[in-house]
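Residue 370 is where the sequence shown starts when you use our numbering, and the numbers rise one by one after that.
C-beta: ideal position from N, C-alpha, C; glycine also.
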Amino acid sequence: MRKQLRVREGNTGILYLTDEHGREERYIPNYDLDKARELLMEFQELKDADGNALKNNYWKEGYNWYPAMVSYLYWHVFFPYVKYEKMIWNFLDRKVTFQFQNRADFYSLIQLLGRPHGVSTLKRRVFYTLVRFNN
């Protein structure tokens with residue numbers, strides 16, 4: 370059975386969690402900036418269907434839009450992922466569901482992930498989010 374948690378994110382990113390029995394606990398985020406950077410570096414070297422690195426797919430009419438995407442990816446995708454990795458995997462593994470009391474970083478990341486349907490859906494959602502951001 371999936372555990373349902375009420376979530377309130379504090380100003381520092383700490384998650385205040387309350388289970389269905391009223392028990393409270395705190396989740397202290399992981400602020401490992403180096404790990405977020407490592408994930409970003411791995412991501413930019415992934416290959417598209419034609420074998421080109423993703424970082425080379427952001428050229429449009431002579432402009433390279435990838436530097437702007439680097440900042441977005443780092444601060445809005447990879448850093449929040451590192452902060453809340455354990456909670457994210459509990460969500461993706463269908464161990465927990467969340468009821469949010471406020472909308473902050475963790476809420477936004479879970480919205481990006483959507484319902485836990487697997488890695489291909491996650492990749493697709495990240496791709497379409499980046500396309501929307503880029504346009």
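Counting the other Cβ atoms within 10 Å of the Cβ of Met410 gives fewer than 16, which makes it exposed. Here the C-alpha atom of Glu430 lies approximately 19 angstroms from the C-alpha atom of Ala422. Judged by their CB atoms, Tyr432 and Lys424 are not nearer to each other than the 8 angstroms cut-off. Between Tyr453 and Leu482, the C-beta gap is not smaller than 8 angstroms, which leaves the two residues out of contact. Looking at the backbone, the Cα of Thr381 and that of Tyr396 are separated by about 11 angstroms. Taking Asp474 as reference, the option from Gly420, Ala418, Glu414 and Pro398 with the minimal CA-CA separation is Pro398.
Along the region 420-497, the alpha helix (DSSP H) occurs as fully enclosed runs of 4 or more residues at 435-442, 448-452, 454-461 and 474-482, listed in sequence order. For Asp401, the three-state secondary structure derived from DSSP is coil. No Cβ-Cβ contact shorter than 8 angstroms links Asn459 with Glu378. Note that the C-beta distance between Gln413 and Glu389 is not below 8 angstroms. Around the beta-carbon of Met456, 16 or more other beta-carbon atoms lie within 10 Å, marking it buried. Secondary structure at Glu378: strand, using DSSP grouped into helix, strand and coil. Between Asp401 and Val451, the CB-CB gap stays under 8 angstroms.
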